[in-house]
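A.B. asks:
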Amino acid sequence: AQSVAQPEDQVNVAEGNPLTVKCTYSVSGNPYLFWYVQYPNRGLQFLLKYITGDNLVKGSYGFEAEFNKSQTSFHLKKPSALVSDSALYFCAVEGNNRLAFGKGNQVVVIP
Amino acid sequence: DAGITQSPRYKITETGRQVTLMCHQTWSHSYMFWYRQDLGHGLRLIYYSAAADITDKGEVPDGYVVSRSKTENFPLTLESATRSQTSVYFCASSDRLAGRQETQYFGPGTRLLVL
């Protein structure tokens, strides 16, 4: 069965510094990979996805993610973090008619 | 233009009572999903539906019942609520393209407290 791992529970970063949220995946065949963000008391919002093509995927709010097949990773990145980026981030992989989500990473951007 | 809505947004109930959470989407997406979100567990799939009258179990289906008589609605019923079902419940919908799941879009969630 497909699965993702988000190894860090929380990521702390200073405002203006680069932000990276890590995700590794396990799936049979070509992966469809997704990142979502959840702000407090809100539903999950779609950020970006990788289906095929360029390994660097650009998404909403200045986020991008790099697909690395050899390392089975799909890390989320932002060159310069904002305080408003503080939220819960979920990685997901598609398979068997559903998405398998990671446990989420709490990102805290420190002013 | 509502997209996907859930009702109620907040619910307090007592152990043993039946509770129904509603989900409605306006996109005519074929797939709909119910998740629960709990600290330390992330999102766990309860049930999903590929089309009207087609439903299937997810990771944690026990104690829940779903139905889908219309494409746009996917209610989730807790037949006899237990304290362990206190959680935040999210509904989502998506389409399928070339045999693969497309992006899922989520509702705002229902916070359920079972006393």
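Quick mapping for you: the protein sequence lines, in order, are chains A and B.
Residues in the first sequence are numbered consecutively from 31, following the working numbering.
Residues in the second sequence are numbered consecutively from 20, following the working numbering.
For every residue, glycine included, the Cβ atom is placed at its ideal position computed from N, Cα and C.
(1) Of all the beta strand (DSSP E) runs that stay within the bounds of the region 51-127 of chain B, which reach a length of 3 or more residues?
(2) Name the two residues that bound the continuous beta strand (DSSP E) containing Arg36/B.
(3) Can you tell me whether Val113/A is helix, strand or coil according to DSSP?
(4) Once you ignore the five residues that flank Lys99/A on each side, which residues in its own chain have a CB closer than 7 angstroms to its CB?
(5) Between Lys133/A and chain B, is any beta-carbon pair separated by less than 7 angstroms?
(6) Inspect the CB distances between the region 68-79 of chain A and the region 27-45 of chain B and report whether three or more fall short of 8 angstroms.
(7) Between which two residues does the beta strand (DSSP E) containing Gln40/A stretch?
(8) Interface residues of chain B around Gly83/A at Cβ under 8 angstroms?
(9) Indicate whether at least one CB of chain A lies closer than 7 angstroms to the CB of Gly61/B.
(10) Would you mind stating whether Tyr67/B and Gly82/B have Cβ atoms separated by less than 7 angstroms?
(11) Let me know if Val138/A comes out buried or exposed under the rule of 16 or more other beta-carbons within 10 Å of its beta-carbon.
(12) Between Glu124/A and chain B, is there a C-beta pair that is closer than 7 angstroms?
C.D. replies: By the coordinates alone:
(1) 61-70, 73-76, 83-85, 95-97, 106-113
(2) Your numbering for residue 36/B matches position 17 in the second sequence. From DSSP, Arg36/B is part of no beta strand (DSSP E); its letter is neither H nor E.
(3) Locating residue 113/A in the first sequence gives position 83, where the first residue counts as 1. Of the three classes helix, strand and coil, the one that applies to Val113/A here is helix, per DSSP.
(4) For this step, residue 99/A is matched to residue 69 along the first sequence. Closer than 7 angstroms at Cβ, skipping near neighbours: no residue.
(5) As a first step, residue 133/A must be located in the first sequence, where it is residue number 103. Yes, Lys133/A lies at the interface with chain B (some Cβ there is under 7 angstroms from its Cβ).
(6) no
(7) Translated into the one-based positions of the first sequence, residue 40/A becomes position 10. Start and end: 40-44.
(8) In the first sequence, residue 83/A corresponds to position 53, counting from 1. Chain B residues near Gly83/A: none, gap ~14 angstroms exceeds 8 angstroms.
(9) Taking the first residue of the second sequence as 1, we reach residue 61/B at position 42. Yes - at least one Cβ of chain A is within 7 angstroms of the one on Gly61/B.
(10) As a position in the second sequence, residue 67/B is number 48, starting the count at 1. As a position in the second sequence, residue 82/B is number 63, starting the count at 1. No. Outside cutoff.
(11) Position 108 of the first sequence, counted from the start, is the residue given in the question as residue 138/A. Val138/A should be labelled exposed.
(12) To locate residue 124/A, count along the first sequence from 1; it is residue 94. Yes, Glu124/A counts as interfacial toward chain B.
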